[in-house]
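As structure tokens, the structure follows; a few thoughts come after it.
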Amino acid sequence: MRGPFPVEPALAAIERLELKHGLPHLTLGGEWFRNSPLLRRPYLRHLALLVVLLAVRVDLVDRQVVTVLFKPRSLLYLLWLGREIIKSNIDVTLRILDPKLRISPNVIRVKATQRSELGRVTYANSITLVPGTVAMSVEADEIIVHAITHAVAADLQSGEMDRRITELEGGF
């Protein structure tokens, strides 16, 4: 429980609504994949697998990205990013459900210390994946970001995500 609002019942209520209406729902352990009415049909799963295999076959998949994804450093980053996404998801959900929790939208510039285009794109995509933030523009050495609150903006400006991706970039 965080603050005056219980997190678990809120998340359970959201999950019930999303599953009832067949909406995309990110849950751990592939629950959405198993419960989605859209993906209960085996042909959709097979179609997704076929698309991936064809993309690999015709060389549409960037070898640099595939190589990076399977390095231990990348997996550790993805675990950290997953945790950040879950924490932010809960924060944004609570702000939606509790009108006392205010938002303070703002646009900020964050330093991007990555040396490669892939590093900067990874940083911008990571920012956008975290609920409450959207990377609006990627420039040479900074990214313009919309943040839902000043606290979210300050967290991003602390440089933790930038540092982690710059370290990850050494494996690119």
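My numbering applies: residue 6 is where the sequence shown begins, and numbers increase by one. The beta carbon of each residue, even a glycine, is placed where N, CA and C say it ideally should be. Small disclaimer: the values here were computed from a predicted structure and weren't measured.
Straight-line CA distance for T118 to K25? Taking the first residue of the sequence shown as position 1, residue 118 is located at position 113. Taking the first residue of the sequence shown as position 1, residue 25 is located at position 20. When rounded, the distance between both Cα atoms is 44 Å.
Starting from V150 and walking both ways along the alpha helix (DSSP H), at which residues does that stretch end? To locate residue 150, count along the sequence shown from 1; it is residue 145. Annotation for V150: no alpha helix (DSSP H) segment contains it, though the beta strand (DSSP E) segment containing it runs E147 to A152.
Does the Cβ-Cβ distance between K156 and N111 come in under 8 Å? For the purposes of this step, residue 156 is identified with residue 151 of the sequence shown, where counting begins at 1. For the purposes of this step, residue 111 is identified with residue 106 of the sequence shown, where counting begins at 1. The sequence shown places Ala at residue 156, not Lys. Not in contact: A156 and N111 (Cβ atoms no closer than 8 Å).
Whose C-beta lies closer than 7 Å to the C-beta of Q162 among residues of the same chain, with five residues either side of it excluded? The residue labelled residue 162 in the question sits at position 157 within the sequence shown. Around Q162: I113 and V115.
What three-state label does DSSP hand V139 in the structure shown? In the sequence shown, counting from the first residue as 1, residue 139 sits at position 134. The answer is strand: DSSP assigns V139 an E or B state.
Okay, do the region 121-129 and the region 85-104 touch, 3+ Cβ pairs below 8 Å being the bar? No, the region 121-129 does not touch the region 85-104.
Delimiting residues of the alpha helix (DSSP H) encompassing G107: On the sequence shown, position 102 is the one that residue 107 refers to. Here the sequence assigns Arg to residue 107, which means Gly is not the residue at that position. Run containing R107: none; DSSP gives neither H nor E here.
Determine the DSSP secondary structure at R120, reduced to helix, strand or coil. Taking the sequence shown and counting its residues from 1, one reaches residue 120 at position 115. Residue state, collapsed to three classes: coil.
Does the Cβ-Cβ distance between V135 and M141 come in under 8 Å? Here residue 135 refers to the residue found at position 130 when the sequence shown is read from its first residue. Here residue 141 refers to the residue found at position 136 when the sequence shown is read from its first residue. No.
When A158, T154, D160 and D146 are compared against T171, the one with the closest alpha-carbon: For the purposes of this step, residue 171 is identified with residue 166 of the sequence shown, where counting begins at 1. Among A158, T154, D160 and D146, the Cα nearest to that of T171 belongs to D146.
CB-CB under 6 Å to N94, same chain, minus the five flanking residues each way: which ones, in chain order? Residue mapping note: residue 94 aligns to position 89 of the sequence shown, counting from 1. In chain order, P136 place their CB closer than 6 Å to the CB of N94, counting only its own chain and leaving out the 5 sequence neighbours on each side.
Per-residue burial, L99 [other beta carbons within 10 Å of its own, 16 or more giving buried]: Counted from its first residue, the sequence shown places residue 99 at position 94. Only buried fits L99, as 16 or more other CB atoms lie within 10 angstroms of its CB.
Out of curiosity, what's the CA-to-CA distance linking L81 and D96? Looking up residue 81 in the sequence shown gives position 76. Looking up residue 96 in the sequence shown gives position 91. Looking at the two C-alpha atoms, the distance is approximately 23 Å.
Does L173 pass the burial test, meaning 16 or more other C-beta atoms within 10 Å, or should it be called exposed? The residue you call residue 173 lines up with position 168 of the sequence shown. Around the beta-carbon of L173, 16 or more other beta-carbon atoms lie within 10 Å, marking it buried.
Taking the alpha-carbon of S121 as reference, which of A18, D167 and V56 has the nearest alpha-carbon? For the purposes of this step, residue 121 is taken as residue 116 along the sequence shown, with counting starting at 1. Nearest of A18, D167 and V56 to S121, Cα basis: D167.
Just to confirm my understanding: we take P77, look at its own chain, exclude 5 residues before and 5 after, and list those with CB closer than 7 Å. What are they? By 1-based counting over the sequence shown, the position of residue 77 is 72. No residues qualify anywhere along the chain.
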